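K.L.:
Going letter by letter, the sequence shown gives residues 30 to 694 in this note's numbering.
C-beta: ideal position from N, C-alpha, C; glycine also.
Owing to the predicted nature of the structure, the values given are computational and were not obtained by experimental measurement.
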Amino acid sequence: MASSDLVERSRAPQLRLYPERPDPRPGKLDGVLHAVEAAIIAPLARRRGRDLFRIVPKVRARAAELAETPLAALQQLVRAAAIDVRRSDFEDEAAIAETFALLRELSGRTLGKLHHDVQLVGAFAILSGTIAEMATGEGKTLTAGLAAAAVALAGTPVHVVTVNDYLARRDAELIMPLYRAVGLTVGIVVEGMELADRQQAYAADITYCTNKELAFDYLRDRMILGQQSGDLRLRLSALGGRSTRLGELRLRGLHFALVDEADSVLVDEARTPLVISGSARAENDPSVIAAALGIARRLDGERHYRVQADERRIQLTPAGRSELEALTHALGAPWKSRVMREELVRQALSALLLFHRDEHYVVREGKVMIVDPSTGRRSKDRSWSDGLHQMIETKEGLELSDQRVTIARMTYQRFFRRYGRLAGMTGTASHVAGELWRVYRLPVATIPTHRPSRRSYRPDRVLPDEERKWQAIIARTVELHRLGAPVLIGTGSVAASEQASRRLSAAGLGHEVLNAQQDMHEAAIVARAGEVGRITVVTSMAGRGTDIPLGPGAAEVGGLHVIMSERHEARRIDDQLAGRAGRQGEPGHVEAILSLEDAILATDAPRWLRRAAASLSAGFGEAGRRLAIRLAQKHAERLHGRMRMALLKSDRHAQKTLAFAGRAE
């Protein structure tokens with residue numbers, strides 16, 4: 030071995046075999062203190078973003094000296110600078126600026142792209158353990174590549190986490206030449222990979238993966254490691270060779286996570302626990318499930334049950350319990366048990382009233398596939414628990430799948446807090462800056478745009494009913510289409526996108542549809558959506574991780590025009606969709622054409638809010654209707670925030686119980 034190799038090896042950090050940070054156990058006052066901190070820290074996002082610009086002059090000053098430096102010399106210099114970054118534990122700004130300047134020059138030579146000032150600031154925010162809030166089209170992929178390369182060169186393995194396989198593969202391949210130029214290895218983890226391929230991908234310096242694949246791989250590792258899995262025990266286990274449990278692990282631990290679309294992953298996805306389940310024989314045979322659905326259809330919604338749509342719950346009334354007992358009096362087991370029959374019918378009512386085809390799920394190849402509410406994409410490997418999935422399959426006339434039983438579970442909140450270092454990027458984080466700090470101790474830094482925004486907004490139009498709303502949307506689309514403007518119509522569900530498609534066809538308007546039924550063609554549809562005269566109907570899946578480039582002549586007719594047909598459950602999702610227009614200083618327009626019969630108000634809001642909406646509409650006309658929609662959205666945001674905190678609290682309780690029992694989580 031050469032002496033230079035020995036020196037480099039001696040400088041390399043001694044990584045633990047499976048490092049992770051212990052999940053903190055908050056005391057009684059910690060929740061209050063964290064909430065107070067969040068209220069103080071969250072509003073500072075814009076100031077924090079401006080302060081981080083101090084890195085730019087340092088990078089620029091050094092970059093001017095590097096233009097004539099040979100490639101081999103740049104490669105040596107960047108490795109030396111990264112060692113200084115590591116020694117300072119990412120605190121030495123001079124070393125960070127030197128590393129950024131060298132990587133920027135290498136990026137220009139390998140990728141043909143030099144980082145803009147805002148991208149340097151975004152990468153600096155990531156190295157500072159911050160969520161960089163960067164507008165759509167500002168080049169977050171290149172920003173992530175700069176930060177990931179700097180961290181990996183410093184000797185820390187990096188997980189770049191994004192929301193779907195397409196983006197993981199696309200982003201990795203886009204930055205790959207830069208990584209290779211500095212001697213870094215890159216792995217990509219996508220759905221369907223075998224164990225050996227996953228281990229190889231996670232063994233790379235930088236691993237691109239989706240949040241679901243990563244979290245479930247970690248949970249499987251925890252099942253192997255058990256509750257007590259200290260570094261010493263792993264080192265002793267390693268003495269036994271590859272046949273030991275160490276050889277069955279997928280990851281190398283939780284070193285550094287860079288989370289793209291951080292608000293989607295850390296906030297929206299955090300409403301659903303991560304569950305590894307196994308097949309089990311269904312507790313109830315098909316006849317019992319069919320009977321439950323039949324009985325549920327005979328109950329009266331006014332007298333026998335209450336639908337709490339905002340909390341996704343069904344509550345039986347005393348009259349409903351009595352009616353249920355009478356309807357099942359002549360039936361055998363399991364109807365003799367009050368608890369069993371009420372649970373069966375509640376699940377049946379949920380399947381009928383709360384879960385709708387082409388909104389919450391789609392049917393493909395004879396199977397029920399859940400639609401992710403935050404991304405609009407199909408979740409192939411997910412199923413509802415406690416027999417609900419089988420209820421929906423029976424409702425749709427499908428063959429019943431096996432019921433699933435929980436083997437291991439965890440929340441995203443607890444998983445990501447175990448990383449030694451955590452940071453991220455997104456276009457919309459300021460609305461949940463308080464929650465990101467309270468749960469993950471992550472501040473938000475709002476980064477200004479590279480060019481001034483030219484996106485314009487029209488005031489919301491809120492019509493009394495859905496029919497008039499769609500008439501207005503079609504009329505507006507016809508008007509824009511005559512001008513040649515590319516139009517993107519945003520909808521809230523697969524069913525709504527298909528309704529929009531039918532209405533456009535009836536009006537003689539050619540168009541394309543992007544929803545969970547066409548997700549295999551997403552890249553091609555998105556690439557054409559900015560062309561002159563193009564009309565595209567999308568669900569929220571087009572609002573994450575995708576840029577819509579303007580075609581020739583599109584800027585001259587005003588750029589992309591986004592029409593929102595519904596408000597989503599959070600303003601952030603609306604902002605993501607609006608961000609498709611007017612990227613990087615291009616022209617663009619956004620407007621919302623809504624109705625009082627939209628789901629956020631008509632079905633998902635509580636009764637008092639629906640009554641208030643009717644009064645506001647009657648008393649104040651369209652201004653009152655706009656206020657009603659805004660109140661419904663704020664109610665949904667608060668409710669989902671409470672649900673996430675309740676899930677985290679429940680997860681902590683389960684963790685204590687399992688630890689006491691000595692079982693794996």
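Rank Glu425, Leu103, Met205, Ala584 by C-alpha distance to the C-alpha of Tyr390 and give the top, closest one.
P.N.:
For this step, residue 390 is matched to residue 361 along the sequence shown. Tyr390 has its Cα closest to that of Glu425, out of Glu425, Leu103, Met205, Ala584.
K.L.:
From His230 to Ile217, what does the alpha carbon distance come to, in whole angstroms?
P.N.:
Residue numbering aside, residue 230 sits at position 201 when the sequence shown is read from its first letter. Residue numbering aside, residue 217 sits at position 188 when the sequence shown is read from its first letter. In the sequence under discussion, the amino acid at residue 230 is Ala, which differs from the His named in the question. Computed Cα separation, rounded: 6 Å.
K.L.:
May I have the straight-line CA-CA distance separating Ile84 from Glu167, to the nearest angstrom?
P.N.:
Working through the sequence shown from its first residue, we reach residue 84 at position 55. Working through the sequence shown from its first residue, we reach residue 167 at position 138. Cα to Cα, the separation comes out at about 18 Å.
K.L.:
Just mark Pro696 as buried or exposed, buried being the case when its beta carbon has 16 or more other beta carbons within 10 Å.
P.N.:
Lying outside 30 to 694, the shown extent of the chain, residue 696 is not represented and no answer is given.
K.L.:
Measure the Cβ-Cβ separation of Thr139 and Leu207 and say whether it is below 7 Å.
P.N.:
The residue labelled residue 139 in the question sits at position 110 within the sequence shown. The residue labelled residue 207 in the question sits at position 178 within the sequence shown. Yes; because the gap between Cβ atoms is below 7 Å, this pair is in contact.
K.L.:
Per DSSP, which residues does Pro616 bridge with? Please list them.
P.N.:
For this step, residue 616 is matched to residue 587 along the sequence shown. DSSP, once it has assigned bridges, lists Arg483 as partnering Pro616.
K.L.:
Taking only the alpha-carbon atoms, compute the straight-line gap between His188 and Thr357 and give it to the nearest angstrom.
P.N.:
As a working note, residue 188 is residue 159 in the sequence shown. As a working note, residue 357 is residue 328 in the sequence shown. When rounded, the distance between both Cα atoms is 54 Å.
K.L.:
Taking a contact to mean a Cβ-Cβ separation below 7 Å, would you say Pro347 touches Arg281 in this structure?
P.N.:
The count along the sequence shown starts at 1 and reaches residue 347 at position 318. The count along the sequence shown starts at 1 and reaches residue 281 at position 252. Going by C-beta atoms, Pro347 is not nearer than 7 Å to Arg281.
K.L.:
How long is the line joining the alpha carbons of Ile70 and Thr475, rounded to whole angstroms?
P.N.:
What you label residue 70 is simply residue 41 of the sequence shown in a count that begins at 1. What you label residue 475 is simply residue 446 of the sequence shown in a count that begins at 1. Their backbone Cα atoms lie some 13 Å apart in a straight line.
K.L.:
Since Arg443 contacts Val304 with CB under 8 Å, what's their CB separation in whole angstroms?
P.N.:
The residue given as residue 443 occupies position 414 in the sequence shown. The residue given as residue 304 occupies position 275 in the sequence shown. Wrong, their Cβ atoms sit about 13 Å apart, outside the cutoff.
K.L.:
Can you give the Cα-Cα distance for Arg505 and Pro72, rounded to whole angstroms?
P.N.:
Indexing the sequence shown from 1 puts residue 505 at position 476. Indexing the sequence shown from 1 puts residue 72 at position 43. Those two C-alpha atoms are separated by around 37 Å.
K.L.:
Which word fits Asp118, buried or exposed, when buried means at least 16 other C-beta atoms lie within 10 angstroms of its C-beta?
P.N.:
Residue 118 sits at position 89 when you count from the first residue of the sequence shown. The residue is exposed, with fewer than 16 neighbouring Cβ atoms inside 10 Å.
K.L.:
Would you check if the distance between the CB atom of Gly158 and the CB atom of Ala291 is smaller than 7 Å?
P.N.:
Counting from 1 along the sequence shown, the entry for residue 158 is found at position 129. Counting from 1 along the sequence shown, the entry for residue 291 is found at position 262. Not closer than 7 Å, so no.
K.L.:
Does DSSP put Gly426 in a helix, in a strand, or in coil?
P.N.:
The residue given as residue 426 occupies position 397 in the sequence shown. If DSSP states are grouped into helix, strand and coil, Gly426 belongs with coil.
K.L.:
Less than 7 Å separating the beta-carbons of Ile318 and Gln419?
P.N.:
As a first step, residue 318 is located in the sequence shown; it is residue number 289 there, counting from the start. As a first step, residue 419 is located in the sequence shown; it is residue number 390 there, counting from the start. The answer is yes: Cβ separation under 7 Å.
K.L.:
Looking at the secondary structure, which residues open and close the beta strand (DSSP E) in which Gly349 lies?
P.N.:
Within the sequence shown, the letter at position 320 stands for residue 349. It is not in any beta strand (DSSP E) - Gly349 instead sits in the alpha helix (DSSP H) that spans 347-356.
K.L.:
Determine the direct distance from the alpha carbon of Leu656 to that of His540, and round the result to whole angstroms.
P.N.:
Along the sequence shown, read from residue 1 onward, the residue named residue 540 stands at position 511. Along the sequence shown, read from residue 1 onward, the residue named residue 656 stands at position 627. Each residue's Cα considered, the two are about 32 Å apart.
K.L.:
Please check the pair Trp364 and Glu66, which I expect to be a contact at CB under 8 Å, by giving their CB distance rounded to whole angstroms.
P.N.:
Within the sequence shown, numbered from 1, the residue matching residue 364 stands at position 335. Within the sequence shown, numbered from 1, the residue matching residue 66 stands at position 37. No, Trp364 and Glu66 are not in contact; Cβ-Cβ is about 52 Å, not under 8 Å.
K.L.:
Going by beta carbon distance, what residues of the same chain come within less than 6 Å of Glu153, once the five residues before and after it are set aside?
P.N.:
In the sequence shown, residue 153 corresponds to position 124, counting from 1. For the record, residue 153 in the displayed sequence is Phe; it is not Glu. Excluding positions up to five away in sequence, the list reads Leu81, Ile84.
K.L.:
With DSSP collapsed to three states, give me the class of Arg341.
P.N.:
The residue given as residue 341 occupies position 312 in the sequence shown. Three-state DSSP puts Arg341 in coil, outside helix and strand.
K.L.:
What would DSSP say about Glu519, mapped onto helix, strand or coil?
P.N.:
Here the question's residue 519 lines up with position 490 in the sequence shown. The amino acid occupying residue 519 in the given sequence is Gly; Glu does not appear at that position. Residue state, collapsed to three classes: strand.
K.L.:
Tell me where the alpha helix (DSSP H) around His188 begins and ends.
P.N.:
Sequence index remark: in the sequence shown, residue 188 carries index 159 (1-based). Premise fails: His188 lies in the beta strand (DSSP E), 187-191, not in any alpha helix (DSSP H).
K.L.:
Kindly list the residues whose CB is nearer than 6 Å to the CB of Ile554, restricted to its own chain and excluding five residues on each side of it in sequence; keep chain order.
P.N.:
If you number the sequence shown from 1, residue 554 lands on position 525. Once the five neighbours on either side are set aside, the close Cβ partners of Ile554 are Glu541, Leu543.
K.L.:
Look up Asp146 in the DSSP assignment and say whether it is helix, strand or coil.
P.N.:
If you number the sequence shown from 1, residue 146 lands on position 117. Helix at Asp146.
K.L.:
The beta strand (DSSP E) that contains Ile217, what's its start and end?
P.N.:
Within the sequence shown, numbered from 1, the residue matching residue 217 stands at position 188. From DSSP, the beta strand (DSSP E) with Ile217 extends over 215-218.
K.L.:
Could you check if Gln662 is buried or exposed, using at least 16 other CB atoms within 10 Å of its CB as the buried criterion?
P.N.:
Reading the sequence shown from its first residue, position 633 is the one you call residue 662. By the neighbour-count rule (16 or more Cβ atoms within 10 Å), Gln662 is buried.
K.L.:
Given this structure, state the Cα-to-Cα distance separating Gly449 from Ile235, to the nearest angstrom.
P.N.:
As a working mapping, residue 449 is identified with position 420 in the sequence shown. As a working mapping, residue 235 is identified with position 206 in the sequence shown. About 15 Å.
K.L.:
DSSP state of Met454, grouped into three classes?
P.N.:
As a first step, residue 454 must be located in the sequence shown, where it is residue number 425. In this structure, Met454 counts as strand in the three-state DSSP scheme.
K.L.:
Check the C-beta distance from Trp131 over to Leu171 and give it rounded, since I have them as a contact under 8 Å.
P.N.:
Within the sequence shown, the letter at position 102 stands for residue 131. Within the sequence shown, the letter at position 142 stands for residue 171. Just to set this straight, residue 131 is Leu in the shown sequence, not Trp. In fact, because the Cβ distance is near 15 Å, the residues do not count as touching under 8 Å.
K.L.:
For Ser679, which of helix, strand or coil comes out of DSSP?
P.N.:
Along the sequence shown, one-based indexing puts residue 679 at 650. It is helical.
K.L.:
Do three or more CB pairs link the stretch 612-629 to the stretch 581-599 at distances below 8 Å?
P.N.:
Counting Cβ pairs under 8 Å, three or more are found: they touch.
K.L.:
Go ahead and pull the three-state DSSP assignment for Lys396.
P.N.:
Counting from one through the sequence shown, the residue named residue 396 turns up at place 367. Strand.
K.L.:
Should the stretch 145-152 be called in touch with the stretch 193-208, which here means at least 3 C-beta pairs below 8 Å?
P.N.:
The stretch 145-152 vs the stretch 193-208: no contact.
K.L.:
For Arg438, which residues does DSSP report across the bridge?
P.N.:
To locate residue 438, count along the sequence shown from 1; it is residue 409. According to DSSP, Arg438 bridges with Val304.
K.L.:
Taking its Cβ as the centre, do 16 or more other Cβ atoms sit within 10 Å of Leu143, making it buried, or is it exposed?
P.N.:
Residue 143 sits at position 114 when you count from the first residue of the sequence shown. That one is exposed.
K.L.:
Measure the CB-CB distance between Ser530 and Val566 and report whether it falls below 7 Å.
P.N.:
The residue labelled residue 530 in the question sits at position 501 within the sequence shown. The residue labelled residue 566 in the question sits at position 537 within the sequence shown. Taking 7 Å as the Cβ cut-off, Ser530 and Val566 qualify as a contacting pair.
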